[in-house]
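Working notes for the structure below.
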Amino acid sequence: MQEYGIQIERSVLSSILFDPSRFEEISTKIDSKDFSYLPHRHIFEALKELHRLDLPLDEEFIVKKETPERPIDREELLYILGTNPISSIEAYVNEIKDRSIKRELHRLANTIREYSQKEELESEQILDHLESELYKISQDNENRDFKEAKEVTLATLEHIKKMKERGNTILIGVDTGFKELNKMTTGFGHGDLVIVAARPAMGKTTFVLNMAQKALDTGKGVAIFSLEMPAEQLMLRMLSAKTSISLQNLRVGNLQDEEWERLSRASDEMAKKPLFVDDNSSLTINQLRSKLRKLKSRHPEVGMAIIDYLQLMSGTGSRDRHLEVSEISRGLKMLARELEIPIIALSQLNRSLESRSDRRPMLSDLRESGAIEQDADIILFVYREAVYKMKDEKEKEEQAKKEGKEYRSNFVNKNEEEAEIIIGKQRNGPIGTVKLIFHKHCTRFVDFDKEVEIVFEEGKFDTNEAKIEMASI
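For the sequence shown, position 445 matches number 445 in full-length UniProt numbering, and the numbering has no gaps at all.
This is the structure:
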């Protein structure tokens, strides 16, 4: 059987040397590590380098690419040149790939046996490691300790060329859904851990759902882990934002005929989107990793994950909470890099910021801020001054009642409010503030200069409805 496998590999390599135009297609299906015979791996690596440099894929140039770490077996090269090329090569390529995966699975089986005998390892740690290895096998990732300078340089140049082909566009990552935020961040990068933090009632869940909607509208899949809110409530908010129908009216089914038509169209559209929601209120970092890996493996179109929210997650043991949060944030960052998608995690802020005269949040206001601040690539704060103004007016009114005085407020509760997205940290870009407009009735943030249909007139937004909205944002 071993000789049979070597002969298949020779046939594939011979076909490449006979017709070099085949190499590009073949190299998208197999890599050097998929060859079982070491001399074949070295020859395929040489072919890869020649192809990158746009040099001829022939015997003479293969020999020129020999290095001490990558010797070229001349005798084996003669065997390959003497092997008849085949016209229908796909079955042979698939056979090489299949054998490679089986070898990896055999290696993993030995790892399972070895790890299961280690008393110092907990079962959850073993499962997490094995799931990670299995995901790498299924995604055909090449697990190496180092990348050589040549490989990194060529990959970087290739990336720059791709950006040039896109016309020097501002957006190079996942679209945030907001024009000015895209300018500041160039979009969320693959592998980024993005923290969205705010005090309660500021609209952080609404903000990330608006981002999720944009991703869905551009064809990307979105995974949402909602530890605080049932999936149906999330969908109500997304439908409210999409249709401009009041969230409160959607909740009670108080809709006009035209609104029912809008809702029906939006529902049909949303039902076809690659949106995946896990609303289990109890979730550990290991469970999240396992679920997201499986989802990404089954649905490669998933391009963003959202966790609402970080402080409700638990680690792998009952340790100090700061250590637990550190484990969670580090785990999320590593998972984002592994799956090559941005992971957006919501976070609560310390209550102490409300005692300041300027209640705009800063990095030190993050709960367990040390680990979160260190691991995050981008930290965004959601801030709405009107929330505090309403709260202050309410407190003044209650205080006046206690003193038997009459209090007349000048505060006008508007349907539209200015909002600020404060970029508190950005590993690869500037920090600063982006202004948005928040629509209360349909829980939606929009660009500051964007014209969107407004259902309610300013100043006529019902106060009781405002209380309901604020309590659940």
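For each residue, glycine too, the CB sits at the ideal point set by N, CA and C. Just so it is clear, the structure is predicted and the values come from calculations on it, not from any experiment.
Distance between residue j and residue i (C-alpha atoms, nearest Å)
{"i": "A231", "j": "V12", "result": "50 Å"}
{"i": "V222", "j": "A46", "result": "39 Å"}
{"i": "I285", "j": "S347", "result": "15 Å"}
{"i": "I62", "j": "L77", "result": "9 Å"}
{"i": "E3", "j": "E340", "result": "38 Å"}
{"i": "D308", "j": "R384", "result": "20 Å"}
{"i": "R351", "j": "A149", "result": "48 Å"}
{"i": "K29", "j": "E131", "result": "23 Å"}
{"i": "F225", "j": "E417", "result": "28 Å"}
{"i": "A419", "j": "K391", "result": "16 Å"}
{"i": "L292", "j": "A201", "result": "28 Å"}
{"i": "K272", "j": "R265", "result": "11 Å"}
{"i": "E69", "j": "Y37", "result": "16 Å"}
{"i": "S14", "j": "Y92", "result": "12 Å"}
{"i": "M313", "j": "M270", "result": "28 Å"}
{"i": "E158", "j": "L121", "result": "42 Å"}
{"i": "G5", "j": "R289", "result": "36 Å"}
{"i": "Q311", "j": "V446", "result": "27 Å"}
{"i": "R262", "j": "I245", "result": "9 Å"}
{"i": "K214", "j": "V382", "result": "18 Å"}
{"i": "D257", "j": "K220", "result": "32 Å"}
Same chain, Cβ closer than 7 Å to residue i, five either side skipped, listed in chain order
{"i": "L295", "result": "A223, F276 and V302"}
{"i": "D34", "result": "I96, K97 and S100"}
{"i": "L436", "result": "F178, A419, I421, F445, V446, D447 and F448"}
Cutoff 8 Å; reference residue i; Cβ partners in own chain excluding five residues on either side
{"i": "E373", "result": "L363, L366, I379 and K425"}
{"i": "I468", "result": "Interpretation of I468 is limited by its pLDDT of 34, a score under 50 that renders its predicted location unreliable; the figure taken from the coordinates is listed afterwards. Counting only Cβ-Cβ distances below 8 Å, and skipping sequence neighbours, we find Q248."}
{"i": "E354", "result": "R199 and Y388"}
{"i": "A212", "result": "V222, I224, M238, L275, M304 and I306"}
{"i": "M184", "result": "I423, Q426, G429, P430, G432 and V434"}
{"i": "E59", "result": "L17, L77 and L81"}
Identity of the residue in the options nearest residue i by Cα
{"i": "H51", "options": "E417, L154 and N413", "result": "L154"}
{"i": "P430", "options": "M270, E324, L332 and G187", "result": "G187"}
{"i": "L335", "options": "I80, I16 and L193", "result": "L193"}
{"i": "P20", "options": "S36, L55 and K33", "result": "L55"}
{"i": "F18", "options": "A419, N84, E119 and L105", "result": "N84"}
{"i": "residue 481", "options": "R74, P342, I344 and C442", "result": "The shown model of the chain, from 1 to 473, leaves out residue 481, and the question about it has no answer."}
{"i": "R371", "options": "I195, L227, K435 and N210", "result": "Before going on, a small fix: residue 371 reads as Ala here, not Arg. Of the listed residues, the one whose Cα sits closest to A371 is I195."}
{"i": "L227", "options": "V446, G432, D279 and I423", "result": "D279"}
{"i": "N210", "options": "D358, E133, T176 and E24", "result": "T176"}
{"i": "R22", "options": "I89, R10 and T205", "result": "I89"}
{"i": "T206", "options": "Q233, I72, L181 and H190", "result": "Q233"}
6 Å Cβ shell around residue i - same chain, five flanking residues per side excluded
{"i": "R199", "result": "L349"}
Status (buried if at least 16 other CB within 10 Å, exposed otherwise) for residue i
{"i": "H40", "result": "buried"}
{"i": "I8", "result": "buried"}
{"i": "L239", "result": "buried"}
{"i": "T218", "result": "exposed"}
{"i": "E142", "result": "Summary for E142: the model assigns pLDDT 44, below 50, so the residue's position carries little reliability, and this model does not support an answer."}
{"i": "R144", "result": "For R144, the pLDDT reaches just 45, beneath the cut-off of 50, and the residue's location in the model is therefore unreliable, although a value from the coordinates is still provided. Per the 10 Å Cβ criterion, exposed."}
{"i": "K102", "result": "exposed"}
Any non-hydrogen atom of the ligand ATP closer than 7 Å to residue i Cβ
{"i": "T153", "result": "Questions concerning the ligand ATP fall outside what the structure shown contains, since it holds no ligand whatsoever."}
Quiz item: What are the complete alpha helix (DSSP H) segments, minimum 4 residues, inside the region 28–73?
Solution: 38–52 and 59–64
Quiz prompt | Uninterrupted alpha helix (DSSP H) stretches inside the region 96–131 (no shorter than 4 residues) | solution = none
Exercise. Let me know the alpha helix (DSSP H) ranges lying completely inside the region 296–345, each 4 residues or longer, listed in chain order.
Key: 321–339
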